[in-house]
Amino acid sequence: MIVAILIGKRAMNGDNREPHDVPMTVLGQVSCGSGGSGSTRGSALSAGGLAASAFVVTNTAAAAATITWVGASYLHNRKVSVVGAACGSVAGLVAITPASGFVTPGGALIIG
């Protein structure tokens, strides 16, 4: 915390608050997506129906959250950003993770 105080606020380019390295942001989202998806499937402790269900609902919720985030961003700003889509995808993964073995794909759409 002391180092953060000494360094001070990050210099921003006016009102532009987009990350400066979009490819790394997307790479982080991809690694979160693949790791999170793998952990929800692996928590079933077998390669059976529960793991398949967790795989389907995890991807469904991530896709639904991405589409919702992109749509809300378009309605608010009249433009779509890749960073916004990545944030939506991660939000969907976070939301579905605790329930991934217990919901149907329809429930995953709602959660996402």
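As numbered in the working numbering, the sequence shown has no gaps in its residue numbers, which increase by one up to the final residue, 112. C-beta atoms are modelled at their ideal positions from N, C-alpha and C, and glycine is treated no differently.
In three-state terms, what does DSSP make of residue i?
i: phenylalanine 55; result: helix
i: methionine 1; result: coil
i: glycine 112; result: coil
i: glycine 49; result: helix
i: serine 31; result: helix
Exposed or buried, which one is residue i when buried takes at least 16 other CB atoms within 10 Å?
i: isoleucine 110; result: exposed
i: alanine 72; result: exposed
i: serine 89; result: buried
i: glycine 8; result: exposed
i: valine 57; result: buried
Can you tell me where the alpha helix (DSSP H) with residue i in it begins and where it stops?
i: serine 89; result: 82 to 96
Ordered along the chain, which non-local residues of its own chain (more than five positions away) have a Cβ less than 7 Å from that of residue i?
i: valine 26; result: Val82 and Ala86
i: glutamine 29; result: Ala86, Ser89 and Val90
Got a sec: does the ligand NAD put a non-hydrogen atom nearer than 7 Å to the Cβ of residue i?
i: leucine 109; result: The ligand content of the structure shown is nil, which means the ligand NAD is not present either.
Could you say if the region 74 to 83 and the region 96 to 112 meet the contact criterion of at least three C-beta pairs nearer than 8 Å?
no
Would the region 57 to 72 and the region 83 to 99 be scored as touching if the rule is three or more Cβ pairs under 8 Å?
yes
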